[in-house]
Amino acid sequence: MDLRRLRAGEWMAGVGGAVLALALFLPWWGLRGAWIDLGVGGPVDGPGGGPDVVTTWSAWQVFSVADVLLLLLALGAMATWWIVATRPVPGPGLIAEGLLTPYAFVMLVVVVVQVLGTPGDLEAPPPIPDPSLEIGAWLGLAATVAIFAGLAVGMRDERLSRPGQPTDQTGVPVAEPRPVETLPGPPAA
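Numbered per our numbering, the sequence shown spans residues 51 to 239.
Set out below in structure tokens:
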């Protein structure tokens, strides 16, 4: 493993994947009061609790399929980080970034819709009282943005050296650039 191969895009995607995996277990939504379940027809009031009690739900409790898809995105982003760091050639990393970027965009749209359309905006009878977005939703949104942006930047990165800082084909710094091999031209007619 050579961490010097990792550029800004891979770091963004890898860290974003780790944060997203963690955010899925944190509270995403909260309701003031003691609630047992959101239920099909709205929240189900639970016993006990007062107006200062906030009941929260994580992504695993609220989503049905999106939570698994978000976990797959997080694992894919972390796997891309690992692939780029361990492979001696840039091809596998670029392939992983190219395949994961459209999926990351779709999941970014899903998370944005979930954050903007909080449970209080649903028209479930009875209306959901006093909903709040919790830290997990904001971390999930930030992590999904970081994954998408990191993959897009990493996919664009073609391992070109910065002026005065030569690198090999995988992006690892080298002391001297390899000499360019010149071939003789065709014979004059």
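All C-beta atoms in this analysis are idealised placements derived from N, C-alpha and C, irrespective of residue type, glycine included.
{"Asked": "Where the alpha helix (DSSP H) through residue 3 begins and ends", "Found": "The displayed coordinates of the chain run from 51 to 239. Any statement about residue 3 would go beyond what the structure contains."}
{"Asked": "CA-to-CA distance, residue 231 to residue 115, given in whole angstroms", "Found": "54 Å"}
{"Asked": "8 Å Cβ cutoff met for residue 63 and residue 186", "Found": "no"}
{"Asked": "Local conformation of residue 232 per DSSP, three classes", "Found": "coil"}
{"Asked": "Identity of the residue in 70, 206 and 135 nearest residue 110 by Cα", "Found": "70"}
{"Asked": "Residue from 123, 235, 233 and 197 with nearest C-alpha to residue 58", "Found": "197"}
{"Asked": "Extent of the continuous beta strand (DSSP E) to which residue 183 belongs", "Found": "181–183"}
{"Asked": "Nonlocal neighbours in the same chain, by C-beta distance under 8 Å from residue 184, ignoring five residues either side", "Found": "76, 77, 78, 79, 80 and 106"}
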